[in-house]
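Residue numbers (the UniProt record's numbering): 1 to 149. Even for Gly, the Cβ is constructed at its ideal location relative to N, Cα and C.
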């Protein structure tokens, strides 16, 4: 499955993407989650944290990977959505979400760290509602669900 817009191409991840995706995961966590010791994040985390997940890649017109989304399909759970800072604010995250099966009619869920206020605002503008609270080693989070189209 491939999805194209004027700016973005969304496609399934392949083996040759894994090092780039692991780097994005590491870099974005280190610059976003400033309240966590950057030494707690490791390059090997990506492979471990995405085990069994479906991975979508977002590329710009030049084939540069801007970010990715991972989905735990059994629960319609969006586990990760990471966009490099230089590509944030240009629709890459929305393009990744729009490429999900039956978007926006399926009731996708995600967890978003409370301190990541920018991400919470982003998800709310797309129709996600806060349905609960929790805590993780990185901090407290909001459990959010797409209200469905």
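Which partner residues of residue 77 appear in the DSSP bridge assignment?
Bridge partners of residue 77: 72 and 109.
Below 8 Å between beta carbons: does that hold for residue 126 and residue 97?
yes
Residue 11 bridges to which residues according to DSSP?
57
Just how far apart, CA to CA, sit residue 115 and residue 143?
Cα atoms of residue 115 and residue 143: separation of roughly 13 Å, rounded to the nearest angstrom.
Is the beta carbon of residue 106 less than 8 Å from the beta carbon of residue 128?
no
Can residue 95 and residue 24 be called in contact, C-beta distance under 8 Å?
no
State the DSSP-derived secondary structure class of residue 22, mapped to helix, strand or coil.
Helix, per DSSP.
What is the residue span of the beta strand (DSSP E) that residue 84 lies within?
Careful: residue 84 lies outside any beta strand (DSSP E) and carries neither H nor E.
Say whether the region 45-62 touches the region 7-22, bearing in mind that this needs 3 or more beta-carbon pairs closer than 8 Å, one atom from each stretch.
In short, these stretches touch, since the Cβ pair count reaches three.
Identify which residue in 140, 30 and 78 has its Cα closest to the Cα of residue 56.
78
Who are the near neighbours of residue 90 in its chain, counting only those whose CB is closer than 7 Å to its CB and skipping five residues on each side?
7
Closest to residue 67 by C-alpha separation, out of 13, 40 and 42, would be which residue?
13
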